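Those letters in the sequence shown? Residues 136 to 425, per the working numbering, in order. Everything on this sheet refers to the single structure shown next.
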Amino acid sequence: MSERVLVVFHLYYHNHISYFISKMKNITGVEWDLIVTGNNLNGNAVSTIRQFKPDAQFMQTDNVGYDIWPFIQCIKTIDLSKYLYVIKLHTKNEDMETTIHFNGIRFRGNKWVRLMVDALLANPARFTKTHNVFLNRPSIGLIYSMDVNVKARDNNIESGDMLTDELARLNIIPQSMDFCAGTIFAVRASALEYLKDDKINKDIFPPSKASHNSGTLTHTYERILCIAVSAQGYTKKLIRSNYYRYCYFFFKQRFQPLLSWIFEINYHGRLHEKYLTIFGFRFKLPSKKR
136 MSERVLVVFH LYYHNHISYF ISKMKNITGV EWDLIVTGNN LNGNAVSTIR QFKPDAQFMQ
196 TDNVGYDIWP FIQCIKTIDL SKYLYVIKLH TKNEDMETTI HFNGIRFRGN KWVRLMVDAL
256 LANPARFTKT HNVFLNRPSI GLIYSMDVNV KARDNNIESG DMLTDELARL NIIPQSMDFC
316 AGTIFAVRAS ALEYLKDDKI NKDIFPPSKA SHNSGTLTHT YERILCIAVS AQGYTKKLIR
376 SNYYRYCYFF FKQRFQPLLS WIFEINYHGR LHEKYLTIFG FRFKLPSKKR
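What follows is the structure, given as structure tokens:
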């Protein structure tokens with residue numbers, strides 16, 4: 136079994152290069168390859184990265200599918216049998232005024248991005264633990280931050296019928312609907328072979344300017360990248376960053392379904408219509424007239 140590691144780093148916001156290089160320096164004690172994808176890889180970026188890792192490879196990609204299609208495009212070109220696992224990294228345009236909500240917790244600025252990266256590359260010891268999990272626990276297919284573990288539910292357009300239809304098209308039978316919101320994770324290389332299917336191609340992804348509200352296949356594949364791994368029988372390991380959040384997630388996972396069954400107002404269905412749920416009975420609410 137190969138112990139080599141592949142890092143696929145999608146670079147769009149060049150002002151974040153130094154941060155990601157500082158984290159990739161924590162990859163020690165193993166042989167690893169770096170492939171940098173992007174649609175605006177210029178001389179300065181290439182030079183800076185090659186100073187850090189002279190054998191880095193660069194792949195120019197179209198500005199399509201955010202970080203999702205470039206990752207898939209890269210995977211289609213490589214021999215996955217050469218690697219034990221793949222670390223997926225990408226820059227995000229988060230400033231200190233941005234607030235992101237996951238699992239009822241607010242993350243301000245780029246804190247959630249750093250939590251995702253630190254779950255894998257906080258320091259050499261953290262990286263070594265991740266590496267040893269893939270070496271010694273063949274049932275593990277995914278490792279990522281517990282803070283961004285989200286369950287796909289049909290109240291989001293890209294998690295409803297759009298996701299159901301695409302999974303059916305790819306003949307993927309989901310075993311878990313959990314996914315890594317933010318798509319910074321480590322994944323067993325052999326679990327990515329499905330991405331080489333010709334059904335998955337650039338034409339199904341929109342230009343990278345659509346918002347999450349539009350519900351595109353890009354956001355659907357954010358979910359599929361994890362759901363497809365569990366569908367192959369692999370399990371995941373979630374890295375906790377905070378003991379109190381761990382306790383919160385523990386209780387939320389067990390009691391949220393019950394609370395939603397008792398009372399909830401949310402969107403469901405192919406038409407993304409609003410429903411009231413009371414003790415498991417769902418009632419369609421009238422839509423607002425425009």
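Virtual Cβ for every residue (Gly too), placed ideally from N, Cα, C. The structure presented is a predicted model; accordingly, all values stated were derived computationally and were not measured.
Notebook entry, point to check: Given a threshold of 16 other Cβ atoms within 10 Å of its Cβ, counted over all protein chains shown, does Lys217 qualify as buried or as exposed?
Noted result: Within the sequence shown, residue 217 is the residue found at index 82, counting from 1. Looking at its Cβ environment, which holds fewer than 16 other Cβ atoms inside 10 Å, Lys217 is exposed.
Item checked: Reduced DSSP category for Thr299 - H, G, I as helix; E, B as strand; rest coil -> Counting from 1 along the sequence shown, the entry for residue 299 is found at position 164. In the structure shown, Thr299 sits in a helix (DSSP, three-state: H, G or I).
Next item on the list: Taking Glu301 and Thr351 to be in contact with their CB atoms under 8 Å, please state how far apart those CB atoms are, rounded to whole angstroms.
Entry: On the sequence shown, residue 301 is found 166 positions in, with the first residue counted as 1. On the sequence shown, residue 351 is found 216 positions in, with the first residue counted as 1. Not confirmed; about 11 Å, so no contact.
Next item on the list: Quick one: measure Cβ to Cβ for Asp202 and Asn174, integer angstroms, because I've assumed they're closer than 8 Å.
Entry: As a first step, residue 202 is located in the sequence shown; it is residue number 67 there, counting from the start. As a first step, residue 174 is located in the sequence shown; it is residue number 39 there, counting from the start. Asp202 to Asn174, Cβ: 11 Å. No contact.
Check: Opposite Lys372 in the DSSP bridges: which residues?
Finding: Residue mapping note: residue 372 aligns to position 237 of the sequence shown, counting from 1. Paired residues: Ile278.
Checklist line | Residues near His145 in its chain [Cβ-Cβ closer than 6 Å; skip 5 each side] | finding: Indexing the sequence shown from 1 puts residue 145 at position 10. If we look at His145 and ignore the five residues flanking it on each side, its Cβ neighbours are Thr172, Asp202, Pro205 and His225.
Next item on the list: Using the DSSP secondary-structure output, state which residues sit across from Thr172 in a beta bridge.
Entry: Your numbering for residue 172 matches position 37 in the sequence shown. DSSP output for Thr172 lists His145 and Met194 as bridge partner(s).
Check: Exposed or buried, what is Arg245 when buried is set at 16 or more other beta-carbons lying within 10 Å of its beta-carbon?
Finding: Residue 245 sits at position 110 when you count from the first residue of the sequence shown. For clarity, residue 245 is Asn in the given sequence; the question names Arg instead. It is buried - the Cβ of Asn245 has at least 16 other Cβ atoms within 10 Å.
Next item on the list: Mind checking who Asn267 pairs with in its DSSP beta bridge?
Entry: Position 132 of the sequence shown, counting from 1, holds the residue named residue 267. Partner(s): none; Asn267 has no beta bridge.
Check: How big is the Cα-Cα spacing for Ile222 and Ile319?
Finding: As a position in the sequence shown, residue 222 is number 87, starting the count at 1. As a position in the sequence shown, residue 319 is number 184, starting the count at 1. When rounded, the distance between both Cα atoms is 8 Å.
Next item on the list: Would you check if the segment 274 to 287 and the segment 356 to 374 touch, i.e. whether three or more CB-CB distances between them fall below 8 Å?
Entry: yes
Next item on the list: Identify which residue in Ile210, Arg272, Arg249 and Ala316 has its Cα closest to the Cα of Leu169.
Entry: Position 34 of the sequence shown, counting from 1, holds the residue named residue 169. Checking every option, the nearest Cα to that of Leu169 belongs to Ile210.
Note to self: Between which residues of its own chain and Lys286 is the CB-CB distance below 6 Å, once the five residues before and five after are set aside?
What the structure shows: Stepping through the sequence shown from its first residue, residue 286 is reached at position 151. Once the five neighbours on either side are set aside, the close Cβ partners of Lys286 are Met312 and Asp313.
Next item on the list: With DSSP collapsed to three states, give me the class of Phe431.
Entry: Coverage of the chain is limited to positions 136 through 425, which leaves residue 431 absent and any answer about it impossible.
Next item on the list: Per DSSP, which residues does Tyr220 bridge with? Please list them.
Entry: Numbered from 1 along the sequence shown, position 85 holds the residue referred to as residue 220. DSSP lists Val140 and Arg323 as partners of Tyr220.
Next item on the list: On a CA-only basis, which of Asn161, Cys315, Met194 and Lys372 is nearest Asn177? Give me that one, please.
Entry: For this step, residue 177 is matched to residue 42 along the sequence shown. When only C-alpha atoms are compared, the closest one is Met194.
Next item on the list: Tell me, please, which residues DSSP counts as bridged to Asn284.
Entry: Locating residue 284 in the sequence shown gives position 149, counting from the first residue. According to DSSP, Asn284 bridges with Cys315.
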